[in-house]
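J.: A single structure is presented below for examination.
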Amino acid sequence: MTEDTQDTPLLQEARFWQDEQWTAKVIKNEDDDGWAVAMYKAGESEPALVGPWTMGRDKKNPKPLDGTAFITLVKTASEFVRRSEQQLHAQLNQSVTVNSQDGRVTVLLRIVPDEDNPYALLTAQDEVGETLAEFKVEAGFKLNRQTAQAWVDADLVKPGSGRR
Numbered sequence: 637m638t639e640d641t642q643d644t645p646l647l648q649e650a651r652f653w654q655d656e657q658w659t660a661k662v663i664k665n666e667d668d669d670g671w672a673v674a675m676y677k678a679g680e681s682e683p684a685l686v687g688p689w690t691m692g693r694d695k696k697n698p699k700p701l702d703g704t705a706f707i708t709l710v711k712t713a714s715e716f717v718r719r720s721e722q723q724l725h726a727q728l729n730q731s732v733t734v735n736s737q738d739g740r741v742t743v744l745l746r747i748v749p750d751e752d753n754p755y756a757l758l759t760a761q762d763e764v765g766e767t768l769a770e771f772k773v774e775a776g777f778k779l780n781r782q783t784a785q786a787w788v789d790a791d792l793v794k795p796g797s798g799r800r
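If you count the sequence shown from 1, you need to add 636 to reach the numbering used here.
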């Protein structure tokens, strides 16, 4: 533990648990008479994950949070966030390898999700990772084996322009 985290009080209450990275809040489920638990990553205003929470013995109030439950919730929320980040990365970064006259060429498409002007960078690299060509293209550019091969076969001219 670092000095900074030793000064930070960690709350451990029946409906609220917190460590340096995560906060668990047991909340009333808006959809029914039950309870839910919301997991917040430190510094985020929106929950990373919300799931059902168990009723207590009185069948009215939620079961209190405890250390074991908190650890399980942190693992679940962390895995959910990790998978979401991997999915977003995969959506924004694509690659296809095709053959050219000079060997294998990897064509990469990296989408830059700018709110006002999204675009993508289309890059061709040789087998050792040297950039052969790179162009800014529309964010909706479709990269697949056929479009990559067509670009390589056209000597890597800027798509839609007819020139390098």
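Beta carbons are placed, not taken as given, at the ideal position from N, Cα and C, and that holds for glycine. Since the structure is predicted, the reported quantities are computational estimates derived from the model, not experimental observations.
1. Give a yes or no on whether the C-beta atoms belonging to Trp689 and Val673 are separated by under 7 angstroms.
2. Below 8 angstroms, can you find three or more Cβ-Cβ pairs linking the region 736-743 to the region 714-723?
3. Would Val788 be called buried (16 or more neighbouring beta carbons within 10 Å of its own) or exposed?
4. For Glu774, name the three-state secondary structure that DSSP assigns.
5. Within the same chain, show all residues whose beta-carbon is closer than 6 angstroms to that of Pro700, passing over the 5 residues directly before and after it, in chain order.
6. Taking the alpha-carbon of Gly776 as reference, which of Ser736, Leu768, Pro754, Val764 has the nearest alpha-carbon?
7. For Tyr676, which of Val710, Leu779, Glu666, Pro698 has the nearest alpha-carbon?
8. To which residues of the same chain is Glu763 closer than 6 angstroms at the C-beta, ignoring the five residues directly before and after it?
9. What separation, rounded to the nearest whole angstrom, lies between the Cα atoms of Asp694 and Arg719?
10. In this structure, does DSSP put Glu639 in helix, strand or coil?
11. Whole angstroms is fine: what's the gap from Gln785's alpha carbon to Glu751's?
12. Check the C-beta distance from Ser731 over to Leu744 and give it rounded, since I have them as a contact under 8 angstroms.
T.: So, from the listed chains and residues:
1. Position 53 of the sequence shown holds residue 689. Position 37 of the sequence shown holds residue 673. In terms of Cβ geometry, Trp689 and Val673 form a close pair [threshold 7 angstroms].
2. With the cut-off at 8 angstroms, the region 736-743 and the region 714-723 do not touch.
3. Position 152 of the sequence shown, counting from 1, holds the residue named residue 788. By the 10 Å Cβ count, Val788 comes out buried.
4. Translated into positions along the sequence shown, residue 774 becomes position 138. Residue state, collapsed to three classes: strand.
5. Taking the sequence shown and counting its residues from 1, one reaches residue 700 at position 64. A distance below 6 angstroms between beta-carbons, with the five flanking residues on each side excluded, links Pro700 to the following residues of its chain, in chain order: Ala650.
6. Within the sequence shown, numbered from 1, the residue matching residue 776 stands at position 140. Nearest option by C-alpha distance: Pro754.
7. Your numbering for residue 676 matches position 40 in the sequence shown. Here the closest residue by C-alpha is Val710.
8. Working through the sequence shown from its first residue, we reach residue 763 at position 127. So the qualifying residues of the chain are Gly739, Arg740.
9. Locating residue 694 in the sequence shown gives position 58, counting from the first residue. Locating residue 719 in the sequence shown gives position 83, counting from the first residue. One alpha carbon belongs to Asp694, the other to Arg719, and they sit about 36 angstroms apart.
10. In the sequence shown, residue 639 corresponds to position 3, counting from 1. Note on Glu639: pLDDT 44, under 50, position unreliable in the model; no value is reported.
11. Mapped onto the sequence shown, residue 785 falls at position 149. Mapped onto the sequence shown, residue 751 falls at position 115. Straight-line Cα distance between these residues: approximately 30 angstroms.
12. Translated into positions along the sequence shown, residue 731 becomes position 95. Translated into positions along the sequence shown, residue 744 becomes position 108. With 8 angstroms as the limit, Ser731 and Leu744 qualify as a contact, their Cβ atoms being about 5 angstroms apart.
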